[in-house]
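These notes concern the structure reproduced below.
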Amino acid sequence: MSYPWLAQAAHNKAAVREGLKIVRKVIARDAVKTPLSTATIYKLAVREPPPPTFALTIPESDETTQVEYLKSGRRRTPAPNPPHPRHPVRSLSFLKHSLLPIIAGERRVQHVRETRLVVQQSKAEQKAAASRGNKQPAPSTKKSAEPVQTMVWLWQATKPPPRVVKPTESVRTNVYDYSHMKASKRKAHKARLELAEKRADLEARRKLRKLQTRREADRKVNAEKREEAKVRHQEEERAGLLRKAERRKRWEASNPILAKALAKKQAEDAQRLAQVMKS
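Here the sequence shown is numbered in UniProt numbering, starting from 1 and rising by one per residue.
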């Protein structure tokens with residue numbers, strides 16, 4: 001599927017955000033006592049309903065008007081669509097390579113090894129199953145149907161670390177005993193403590209003001225850098241479009257017959273699309 005890069009990037013960001021919520025929920029609910037495989041986690045995650053706002057982030061495809069060709073002139077075969085394009089966990093590969101590493105980095109899940117009984121297929125049966133596709137599987141032989149103990153890697157939810165409650169120190173007021181001092185010394189000592197508190201307060205305010213000033217300066221510098229990066233990216237996009245147009249002209253000049261056939265095919269596709277839109 002070919003989408004504008006900005007819409008596709010926003011969709012991927014939303015898919016990762018909502019997919020992490022769903023997978024965390026599945027792991028916390030089902031993978032605490034019994035470890036689960038990646039395929040099992042994927043099946044349970046797909047059953048969870050996606051949030052209503054996720055459908056708004058799915059960009060619209062324009063495959064009806066785009067025909068991509070290789071340099072040799074043959075038509076490019078588009079990549080297969082994911083099994084669940086309208087779900088945050090759209091494919092098993094997306095779960096394995098984009099979501100589970102993040103959750104493992106958060107230490108919410110860990111890899112464990114277990115010995116399980118697995119029915120292994122022979123190479124001939126695997127080849128036959130691959131050639132059949134989604135058709136009904138052929139009956140397996142007695143030898144291949146026997147379960148075999150195999151070491152498998154599974155995902156299991158980790159126990160949260162114990163919460164450490166730090167003892168809070170009570171704010172102590174001035175508990176110094178002034179009973180042994182004279183009235184003049186007592187007054188001078190209290191004044192010196194008040195002066196020290198004022199100096200500490202002024203120092204804290206000065207540090208806060210300095211921090212705010214530095215943050216404001218950094219904010220302006222970052223805004224300028226973002227604007228420069230945006231302008232540079234737009235210029236690179238325009239230059240790329242110009243180079244693409246020049247390559248297209250050179251290709252049409254070197255392959256006039258194929259260029260005419262492609263233009264005719266695009267015109268027919270556009271006319272067919274216009275008829276569909278009118279109906």
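Ideal Cβ placement from N, Cα and C applies to all residues, glycine included. Only a predicted model underlies this, so the values are computations on that prediction, with no experimental measurement involved.
Around the beta carbon of Gly19, 16 or more other beta carbons sit within 10 angstroms, so the residue counts as buried. Three or more Cβ pairs drawn from the region 148 to 161 and the region 102 to 119 lie within less than 8 angstroms of each other, which places the two stretches in contact.
Judged by their CB atoms, Pro59 and Gln8 are nearer to each other than the 9 angstroms cut-off. If you draw a straight line from the Cα of Glu237 to the Cα of Lys230, it comes to about 11 angstroms.
An exposed status is given to Ala39, since fewer than 16 other beta-carbon atoms sit within 10 Å of its beta-carbon.
Assignment of Val32 by DSSP, reduced to helix, strand and coil, places it in the coil class.
For Leu36, same chain residues with a beta-carbon under 7 angstroms away, outside a window of 5 residues either side, are Asp30, Leu154 and Trp155 in chain order.
Per DSSP, Thr57 lies in no beta strand (DSSP E) and is assigned neither H nor E. Rounded to the nearest whole angstrom, the C-alpha separation of Met151 and Arg116 is 7 angstroms. According to DSSP, residue pairing for Pro147 in a beta bridge involves Val119. The Cβ atoms of Pro82 and Pro50 lie no closer than 9 angstroms to each other. For Arg199, the enclosing alpha helix (DSSP H) stretches over residues Ala183 to Ser254. Counted as a single uninterrupted DSSP element, the stretch harbouring Lys166 is not any alpha helix (DSSP H), since DSSP gives it neither H nor E.
Lys260 has its alpha-carbon roughly 44 angstroms from the corresponding atom of Leu95. With respect to the 9 angstroms criterion, Val16 and Ile41 are not classified as neighbours on the basis of their beta carbons. For Val112, the beta-bridge partners assigned by DSSP are Leu154. Here Arg75 carries a strand assignment [DSSP, helix/strand/coil].
Counting along the chain, the unbroken alpha helix (DSSP H) around Pro101 starts and ends at Leu100 to Gly105.
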